[in-house]
Amino acid sequence: MSAPPKIAIAGLCKAFGRKVVLDGIDLDVAEGESLVVIGGSGTGKSVLIKSILGILRPDSGEIRLDGEDVTYAKGEARRRKLAKFGMLFQGAALFDSLPVWRNVAFGLIEARRMPLADARAQAIETLGLVGLGPDVGDLYPAELSGGMQKRVGLARAIAAHPEIIFFDEPTTGLD
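Below is the structure:
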């Protein structure tokens with residue numbers, strides 16, 4: 008018996024008022040597979056990602072992760088679902104009031120309840136993986152170039168070693 012798809016989407020629909028954005032989307036992504044969704048602005052790429060993550064609630068359809076229906080997951084089931092994902096948002100979406108290391112460690116601290124000292128050490132190590140030195144950890148996002156902000160966003164996306172990583176327009180704003 009073969010393993011279920013890592014992500015399975017069936018009949019996914021989402022509308023905002025009369026504007027239908029997702030209309031019966033079917034999609035399977037196997038373990039280890041890379042997938043690129045390409046489309047013009049406003050065609051639903053970000054809505055699809057946000058629906059999979061549970062940030063937006065679909066109007067109908069089903070989302071499964073490793074065979075488990077997580078379409079409307081709440082509480083502990085939602086927390087387990089989100090722990091599988093890393094996300095590089097458009098524009099990096101950093102918290103401007105937090106130093107870089109706290110941005111990178113945000114999920115480690117908030118979702119995984121990692122002690123601050125451990126989270127900081129892991130954040131600094133992860134910054135190194137994206138080519139940023141430990142001194143960057145104490146800076147604030149406004150003190151960074153656009154490219155450095157994007158790398159901090161990438162560091163946050165990979166800090167918890169997620170099973171699945173979404174990149175939402177990863178090159179937007181870079182020269």
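Numbering (the working numbering) for the sequence shown: 8 to 182. Quick reminder that beta carbons are idealized off the backbone N, C-alpha and C, glycines included.
Using only the heavy atoms of the ligand ZN, determine whether one of them is closer than 7 Å to the beta carbon of LEU101.
-> Because no ligand of any kind appears in the structure shown, any question about the ligand ZN cannot be addressed here.
Any contact of the segment 151-158 with the segment 71-86, i.e. 3+ C-beta pairs under 8 Å?
-> no
Nearest-angstrom Cα distance between TYR79 and ILE59?
-> Start at 1 with the first residue of the sequence shown, and residue 79 comes out as number 72. Start at 1 with the first residue of the sequence shown, and residue 59 comes out as number 52. Approximately 10 Å, taken between the alpha carbons.
Should ARG25 be labelled buried (16 or more other beta-carbon atoms within 10 Å of its own) or exposed?
-> By one-based count along the sequence shown, residue 25 stands at place 18. Exposed is the call here.
From SER67 to VAL27, what does the alpha carbon distance come to, in whole angstroms?
-> Within the sequence shown, the letter at position 60 stands for residue 67. Within the sequence shown, the letter at position 20 stands for residue 27. Their backbone Cα atoms lie some 12 Å apart in a straight line.
If you draw a straight line from the alpha carbon of GLU170 to that of PHE23, how long is it in whole angstroms?
-> Here the question's residue 170 lines up with position 163 in the sequence shown. Here the question's residue 23 lines up with position 16 in the sequence shown. Roughly 30 Å between the two C-alpha positions.
Could I get the ranges of all uninterrupted alpha helix (DSSP H) runs contained in the segment 68-136, with 4 residues as the minimum, in chain order?
-> Within the segment 68-136, the complete alpha helix (DSSP H) runs of at least 4 residues fall at 82-90, 107-117 and 123-136.
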